[in-house]
Every structure is written in structure tokens, then in C-alpha cells.
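Undergrad:
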Amino acid sequence: AQSVTQPDIHITVSEGASLELRCNYSYGATPYLFWYVQSPGQGLQLLLKYFSGDTLVQGIKGFEAEFKRSQSSFNLRKPSVHWSDAAEYFCAVDTSGGGADGLTFGKGTHLIIQP
Amino acid sequence: DTAVSQTPKYLVTQMGNDKSIKCEQNLGHDTMYWYKQDSKKFLKIMFSYNNKELIINETVPNRFSPKSPDKAHLNLHINSLELGDSAVYFCASSQQGYYGYTFGSGTRLTVV
Numbered sequence: 220a221q222s223v224t225q226p227d228i229h230i231t232v233s234e235g236a237s238l239e240l241r242c243n244y245s246y247g248a249t250p251y252l253f254w255y256v257q258s259p260g261q262g263l264q265l266l267l268k269y270f271s272g273d274t275l276v277q278g279i280k281g282f283e284a285e286f287k288r289s290q291s292s293f294n295l296r297k298p299s300v301h302w303s304d305a306a307e308y309f310c311a312v313d314t315s316g317g318g319a320d321g322l323t324f325g326k327g328t329h330l331i332i333q334p
Numbered sequence: 003d004t005a006v007s008q009t010p011k012y013l014v015t016q017m018g019n020d021k022s023i024k025c026e027q028n029l030g031h032d033t034m035y036w037y038k039q040d041s042k043k044f045l046k047i048m049f050s051y052n053n054k055e056l057i058i059n060e061t062v063p064n065r066f067s068p069k070s071p072d073k074a075h076l077n078l079h080i081n082s083l084e085l086g087d088s089a090v091y092f093c094a095s096s097q098q099g100y101y102g103y104t105f106g107s108g109t110r111l112t113v114v
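Which chain is which? The protein sequence lines are A and B, in order.
Under this note's numbering, read the first sequence as residues 220 to 334, first letter to last.
Under this note's numbering, read the second sequence as residues 3 to 114, first letter to last.
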């Protein structure tokens, strides 16, 4: 079965600094890959997704992610974080293309922004 | 128009009660899902329904039963609520080949 690992439970970054959140997946083929963000008390907002093609994917709010097949990774990056980026970030994989298996989520990374 | 709507947004109830959470999608998607987010923020799929057929059931206690009157609705009924059922429950929808999922805003269930 597929699995997703987000090795960092918490990350603290100074405002204006760059950010990279790590995500590794385990699956026999290339899954569809997603990053979601959840602000406190809110629902899930899709930041970006990868299905095929260019391995560098641009998303909303200035985020990007790079798919690296050789490393089974899909790391999320942002060149300069803002205080409003403080939230929980989830990496997820889809192995059925919107079908029955749904999404498998990592355990999330809690991002703290220091002033 | 909200694509995936859940009601209620908050639900506080006593142990042993039976409760339902409703979900509706207006996207015409074929598959709907229920996810549970526990106190540690971990999201796990509970059920998926495709054209009113239960596709998977991830070792969820049989006190939880999804009910789908039609393709646009997937309700979650919970019997004999326990303290450990306290969580946020998210409904979502998708379609084969759509390559994306639309989530509802969540229902925060608190069992006291």
C-alpha cells in the first residue's frame, strides 16, 4: 500500500526567509501528488498538484514543489515566507486518479513563523 | 455556490447518542469520501462511495455507517458515540480522471 512521510513535524522559519517542506512517498509507480494547507480551525486548501509533465509545479500563494522520481520526493518550497503562511501543511498521494482509493495523507508539518 | 457543503459545522453531543453529518456536492462527481482528522491533525480516509456503492472501508468501527441517497449526497451516521469519536470529519468528492479532490469545510464533532 502507498504511504507518505513528512519527516518534519514542526518547522520554525523567520519571516522573509525561505522555506522547504519535505515529503517522501512510497508507491510502486508515480502517483498523483498534492500539497494542502490548513490554517487553524479551517478546512483544507489545495496549494498545488502534480500529475505529469514538468516536474516543477507552481501553486498558489507563491508556493512551488518539485517532483523527483529518483528520490520519491515532492518537496514544497517558498522563497520568502509571510506571517500568514503559519499553518499545517499536508502532502498527499492519489494512486487511483480520483477514484476509489482517495488520498493518502502524510502526518503534516506545522509551520511556525518567527517575526 | 459551495461545491461541497457539510452540515453541521459544529456538533457537540453526549456519549451514547446517535448523530448524522450531511454532505452534498454540486460538481457532478462520481465518488464521494469521508475523512477523519484526529486530535493530532492526522487525516485518514474512512469511506469512499462511487455511484452509491461502498468501495472501501478502512477498518472503521461498524458504528459508523455512510448513507448515500443519491450521487450528490453522502451522509455519515454514527451510533453510540464514544469520546474517541471526537474529531473533525471532512467530506470530499472527485471523479475518475478529474485528478483533484474538492473538500468540504469540515464538521467538528465533540463527544462529552
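Think of the CB as a built atom: it goes at the ideal place given N, C-alpha and C, for glycine as much as any other residue.
1) Under 9 Å, Cβ to Cβ, is there at least one residue of chain B near L240 of chain A?
2) Which residues in the same chain as Y308 of chain A place their Cβ atom closer than 7 Å to its Cβ, once the five residues preceding and following it in sequence are excluded?
3) When you compare the CB of Q261 of chain A with every CB in chain B, is at least one pair closer than 9 Å?
4) If we define contact as Cβ-Cβ less than 9 Å, is Y103 of chain B a contact residue for chain A?
5) What residue does the beta strand (DSSP E) around C93 of chain B start on, and which one ends it?
6) Residues of chain A with a CB under 8 Å from the CB of I58 of chain B: which are they?
7) Please check if any C-beta of chain E sits within less than 9 Å of the C-beta of I47 of chain B.
8) State yes or no: is the C-beta of Y246 of chain A within less than 9 Å of the C-beta of Q221 of chain A?
9) The beta strand (DSSP E) spanning R296 of chain A covers which residue range?
10) Of the residues B:Q27, B:K54 and B:Q16, which one's Cα is nearest the Cα of G86 of chain B?
11) If G321 of chain A sits next to K297 of chain A, beta carbons under 8 Å apart, how far is it from one beta carbon to the other, in whole angstroms?
TA: Considering the structure as presented:
1) By one-based count along the first sequence, residue 240 of chain A stands at place 21. No - not a single Cβ of chain B is within 9 Å of the one on L240 of chain A.
2) Here residue 308 of chain A refers to the residue found at position 89 of the first sequence. L240, W254, V256, L295, G327, T328 and L330.
3) In the first sequence, residue 261 of chain A corresponds to position 42, counting from 1. With its beta carbon less than 9 Å from one in chain B, Q261 of chain A belongs to the interface.
4) Position 101 of the second sequence, counting from 1, holds the residue named residue 103 of chain B. With respect to chain A, the C-beta atom of Y103 of chain B has a partner C-beta closer than 9 Å.
5) As a position in the second sequence, residue 93 of chain B is number 91, starting the count at 1. A89 to S96 is the span of the beta strand (DSSP E), which, as asked, contains C93 of chain B.
6) Looking up residue 58 of chain B in the second sequence gives position 56. The answer, in chain order, is A319, D320 and G321.
7) In the structure shown, chain E cannot be found, because the protein chains are A and B.
8) Within the first sequence, numbered from 1, the residue matching residue 246 of chain A stands at position 27. Within the first sequence, numbered from 1, the residue matching residue 221 of chain A stands at position 2. Between Y246 of chain A and Q221 of chain A, the CB-CB gap stays under 9 Å.
9) For the purposes of this step, residue 296 of chain A is taken as residue 77 along the first sequence, with counting starting at 1. Per DSSP, R296 of chain A is one residue of the beta strand (DSSP E) stretching across S292 to K297.
10) What you label residue 86 of chain B is simply residue 84 of the second sequence in a count that begins at 1. The shortest C-alpha separation from G86 of chain B is found at B:Q16.
11) The residue labelled residue 321 of chain A in the question sits at position 102 within the first sequence. The residue labelled residue 297 of chain A in the question sits at position 78 within the first sequence. So it is not a contact: roughly 27 Å between Cβ atoms.
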